[in-house]
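Numbering (full-length UniProt numbering), first residue to last: 1 to 89. The C-beta atom is built at its ideal place from N, Cα and C for all residues, glycine as well. Remember, it's a predicted structure, so these values are computed and weren't measured experimentally.
Here's what the structure looks like:
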């Protein structure tokens, strides 16, 4: 069993929040126009139809139209626009 799998097993068995302990990204979608992303590492690509973020373990790809980053900090960001797809790469 790999270290990551062991860590996940401990977190699940103790019913602890995965986002805090494993650094998982949290994506909150409100309707089709707003996305709030927490626990991301960086912005890899940004255009009005594609935003690519680096999460801790995977990349997060957001596709749509008229996408804009309303604000961002080292910990979270808000994205607005017509959201069509969210993919994990």
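Notebook entry, point to check: Roughly how many angstroms separate the alpha carbons of residue 46 and residue 68, rounded to a whole number?
Noted result: Locating residue 46 in the chain shown gives position 46, where the first residue counts as 1. Locating residue 68 in the chain shown gives position 68, where the first residue counts as 1. Roughly 8 Å separates the two Cα atoms.
Item checked: Proximity winner among 52, 73, 30 and 57, relative to residue 63 (alpha-carbon distances) -> Walking along the chain shown from the start, residue 63 turns up at place 63. Residue 63 has its Cα closest to that of 52, out of 52, 73, 30 and 57.
Notebook entry, point to check: Which partner residues of residue 87 appear in the DSSP bridge assignment?
Noted result: As a working mapping, residue 87 is identified with position 87 in the chain shown. DSSP links residue 87 through a beta bridge to 61.
Margin query: So, under 8 Å CB-CB, residue 34 and residue 80 are touching, yes? Tell me the CB distance rounded to an integer number of Å.
Written below: Locating residue 34 in the chain shown gives position 34, counting from the first residue. Locating residue 80 in the chain shown gives position 80, counting from the first residue. Right, the Cβ-Cβ distance comes to about 6 Å (below 8 Å), so this counts as a contact.
Check: With distances taken from CA atoms, which of 82, 54 and 88 is nearest residue 30?
Finding: For the purposes of this step, residue 30 is taken as residue 30 along the chain shown, with counting starting at 1. Nearest C-alpha to residue 30: 82.
Note to self: If contacts are defined as beta-carbon pairs under 8 Å, then residue 56 and residue 24 qualify, I think. What distance do you get, rounded to the angstrom?
What the structure shows: Here residue 56 is taken as the residue at index 56 of the chain shown, counted from 1. Here residue 24 is taken as the residue at index 24 of the chain shown, counted from 1. Their Cβ separation, rounded to whole angstroms, is 7 Å, which keeps residue 56 and residue 24 in contact under 8 Å.
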